[in-house]
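To start, the structure itself, in structure tokens.
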Amino acid sequence: MNIVILNDTRADMHHGCTRVMRLLEEGLQRHDMTIVARSPVHHDWENDSALREAMLRADLIIVNGEGTLHHGKSGAARLLRVTEFAGDVPVALINALYQENPPEWSKWLNRLSYIATRDRRSADEIESVTGQRPVVVPDLTLSARIAERPVTAPVIFGDSVKSEISDLLAKRALLDQLPLVPSLSALKRTKSGSTLVRRVRRWWIARLTARTLARNPTMSLCQTENDYADRIARAGLHVTGRFHGACYSMAAGMPFLAISSNSWKIEALIADAGLAPWRVVDAANLDDALLRTPDALAFSAEEKAALDAFLDEAARGAEKMFAELRNLAARRH
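The opening residue of the sequence shown carries number 9 in this note's numbering; numbering runs sequentially from there.
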């Protein structure tokens, strides 16, 4: 069965997005589905004739929602508009956050053949505008565990989608001379264009990276998803502003503190997993939170049990979702 994926987020060079896409691809392959075309994040599929033709020939179009569908973003609307184009090709929205979008978007939601949100709050929001309860499957990063490693760093700091929070975390890492490990493989991504344009942009990125590393001598950029997983799994505590940073820590069974992001995604994740609400901290209270003893910051017995059950459910839910997507695609044959 032939599948087209919209919103392949790997191009943003976030290790969480890379892990999502890898686990999505592996799940589809396990269930005998073949990806024949994909639309990268931010790509204008509506003006890509080859991609549009591939979608019309496909057995299923999968929209990878991730953290895109919130606060009425134009990019989110562009993704959901595929339901108007697809004709009789089923469209599935999976791995989705859904928060505070215009009520009229229900016209697109109601055309979807399958919806899987990654948190209960998003499912509640969709149910409130459609009357139909979506499936809830935790973010795909959580559908496979990260193997336990010995702790080699008591605390590491990460980054955030918000630049001011990234700056705060970088300053704190520098102050304490602790590792700064952003969830990025590169600070900026290369773009298409002429050979000269690409060469100049590579030079600019290299210069930006060198300057940033000089200002932040404890910072390191992990080049691969596995390298990043290894660093997170070896951290006694991970302080992050990234949703997927928290997901990596959870998949590794390691404690973390998280600063709120640009949506409810971190708060919803922690609530669904049954972890202590204080693990989400306000930026202004970060110093106070870090004054807790290592034992106080570690997962409690109750948190460990809840997280273990949550990760088991994430794996089962993902497999069930892939089977349902296969059944949906098979109806075209």
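Backbone N, C-alpha and C define an ideal beta-carbon position, used for all residues, glycine too.
When DSSP labels each residue in this structure, what does residue i get in the three-state scheme?
i: E74; result: strand
i: G24; result: helix
i: V289; result: strand
i: L105; result: coil
i: L271; result: In the sequence as presented, Leu is not what sits at residue 271; that position holds Ser. S271 falls in the coil class under three-state DSSP.
i: F264; result: strand
i: N118; result: coil
i: F307; result: coil
i: M9; result: coil
i: N224; result: coil
i: A259; result: helix
i: I154; result: coil
i: L14; result: strand
i: P111; result: helix
i: H252; result: helix
i: R46; result: strand
i: L283; result: coil
i: S168; result: strand
i: V144; result: strand
i: V99; result: strand
i: L68; result: strand
i: L186; result: coil
i: L344; result: Within the shown structure, residues of the chain are numbered from 9 to 341, placing residue 344 beyond reach of any answer.
i: L160; result: Looking at the sequence provided, one finds Thr at residue 160 rather than Leu. Coil at T160, not helix or strand.
i: L192; result: strand
i: A94; result: coil
i: T232; result: coil
i: T125; result: strand
When burial is assigned at 16 or more other CB atoms within 10 Å of the CB, is residue i buried or exposed?
i: H79; result: exposed
i: S47; result: buried
i: Q107; result: buried
i: S57; result: exposed
i: V145; result: buried
i: E133; result: buried
i: P302; result: exposed
i: P111; result: exposed
i: T91; result: buried
i: N118; result: exposed
i: G139; result: exposed
i: D16; result: buried
i: E172; result: exposed
i: A292; result: exposed
i: G95; result: exposed
i: R126; result: buried
i: E54; result: exposed
i: A124; result: buried
i: K269; result: It is Ser, not Lys, that sits at residue 269 in the sequence shown. Label assigned to S269: buried.
i: P190; result: buried
i: S82; result: exposed
i: L183; result: exposed
i: A331; result: exposed
i: L120; result: buried
Does the Cβ-Cβ distance between residue i and residue j come in under 8 Å?
i: A338; j: M9; result: yes
i: G249; j: D167; result: yes
i: Y122; j: L336; result: yes
i: H23; j: S193; result: yes
i: F165; j: V247; result: yes
i: A254; j: I274; result: yes
i: A45; j: A62; result: yes
i: T149; j: A259; result: yes
i: G35; j: A326; result: yes
i: R141; j: W116; result: no
i: M345; j: R334; result: In this structure the chain extends from 9 to 341, so residue 345 is not present and cannot be described.
i: L101; j: G75; result: no
i: L87; j: N109; result: no
i: I11; j: D67; result: yes
i: V99; j: V137; result: no
i: A297; j: R128; result: no
Please report the Cβ distance between residue i and residue j, rounded to the nearest whole angstrom; I am assuming they are in contact, meaning their Cβ atoms lie under 8 Å.
i: A241; j: M262; result: 6 Å
i: V163; j: L188; result: That pair is no contact at about 11 Å.
i: R30; j: E233; result: 7 Å
i: S257; j: F251; result: Incorrect: roughly 11 Å between the Cβ atoms, too far for contact.
i: R219; j: C230; result: Going by Cβ atoms, the distance from R219 to C230 rounds to 19 Å, so no, they are not a contact pair.
i: V143; j: M329; result: 7 Å
i: L64; j: V97; result: 6 Å
Indicate whether at least one CB of chain C lies closer than 8 Å to the CB of residue i.
i: D280; result: The structure shown contains no chain C; it holds only a single protein chain.
- Message: Whether or not the region 177-193 and the region 210-228 are in contact is what I'm after, with contact meaning three or more pairs of Cβ atoms, one per stretch, closer than 8 Å; do they touch?
- Response: Taking a cut-off of 8 Å on C-beta distances, the region 210-228 touches the region 177-193, as three or more cross pairs fall below it.
- Count the C-beta pairs between the region 315-323 and the region 272-283 that are closer than 8 Å, then say yes if the count reaches three, no if not. yes
- Item | Contact between the region 150-160 and the region 304-311 (3+ Cβ pairs under 8 Å) | no
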